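S.K.:
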Amino acid sequence: MSKPQYLTPYKDWIDSHGPCFGATLWASPESQRLRFEVLTQMLYLPGKRILDAGCSRGDLAAYLLSRDLDYGQYIGIDGMSEAIDYAQKRHLPRSRFVCGDFLADPTLLGLDQPQVIFLSGTLNTMTDEEAINTLDHCWQATERYLVFNFLPDTCDPKAPPQDAIARRLPTQKLLNWAFGKTWAVVYRQDYFDKGHDATIMMEKK
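Sequential numbering from 4 applies to the sequence shown in the numbering used here.
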């Protein structure tokens, strides 16, 4: 069965190279770690149940453990079975991984009643409509926090151009969507040169 458009780039990479780091479609481990650092600095994590929507190989779970960050439990969901198999074989403590397409089946986002939902890079292959639909489902599913990064269209013109795989999303549209849900919104676009990446944190009040 063919994958939906937003999963096709991941499938193509894994089919060609296997579930190595490149399957995340990030430029480098360093850029991935910086995004994780920003995500985890945006809220108070201790004791929280975390759901990682689009977890790929489980790198965020590994990052949390490597930094000895305090949290309750972690569940990662991804539509690529090969990536989930890789994540499971890492045997990361306090972590479990589930294969599934949460855009097609939003009930997956309610597993373990998450207090925090993270999306890191997950929106990069989606259309504007798919991204908003995904965020709607995540906001409904989380008990308290939604934190996501994306490639903003408010970057400097000299920011790295995007190819056919990843695309920039309309920053103002996403901010308007966020403020339509809650006044408790934090926005950052200061951690990559030229404003290449952005992160939004939302809290239910």
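We put the CB at the ideal spot given by N, CA and C, even for glycine.
Predicted model, so just to flag it, every value in this text is computed and none were measured.
1. Using DSSP with H/G/I as helix, E/B as strand and the rest coil, what is E33?
2. Going by other Cβ atoms of all chains shown within 10 Å of its Cβ, with 16 needed for buried, is A201 buried or exposed?
3. C141 and A90 - do their beta-carbons sit closer together than 9 angstroms?
4. Kindly say whether L37, judged by its beta-carbon, lies nearer than 9 angstroms to any beta-carbon of chain B.
5. In whole angstroms, what is the alpha-carbon distance linking P160 and K197?
6. So if DSSP puts C102 in a beta bridge, which residue, or which two residues, is it bridged to?
7. Which residues in the same chain as C158 place their Cβ atom closer than 6 angstroms to its Cβ, once the five residues preceding and following it in sequence are excluded?
8. What residue range does the beta strand (DSSP E) around T202 cover?
9. Taking DSSP's pairing of strands, which residues face Q76 in a bridge?
10. State the start and end residues of the unbroken alpha helix (DSSP H) segment that holds I135.
11. I think G75 touches G113, with their Cβ atoms under 8 angstroms apart; what is that distance to the nearest whole Å?
12. Considering Cα atoms alone, identify which of R93, E206, L95 and D55 is closest to F105.
13. State yes or no: is the C-beta of V41 within less than 9 angstroms of the C-beta of R170?
14. Helix, strand or coil: how does DSSP classify R191 here?
15. Taking just the CA atoms, how far does A107 sit from E33?
16. Measure the Cβ-Cβ separation of L72 and L48 and say whether it is below 9 angstroms.
17. Would you call the CB atoms of G79 and R99 closer than 9 angstroms?
18. With DSSP as the reference, identify every bridge partner of L68, one or two as the case may be.
19. For the beta strand (DSSP E) containing L122, name the first residue and the last one.
M.R.: In this structure, then:
1. helix
2. buried
3. no
4. Checking the listed chains, one finds no chain B in this structure; it contains a single protein chain.
5. 8 angstroms
6. D81
7. K197, G198 and H199
8. A201 to E206
9. R52
10. D131 to A144
11. That belief does not hold up - the Cβ atoms of G75 and G113 are roughly 16 angstroms apart, past 8 angstroms.
12. D55
13. no
14. strand
15. 31 angstroms
16. yes
17. yes
18. DSSP output for L68 lists no bridge partner at all.
19. V119 to L122
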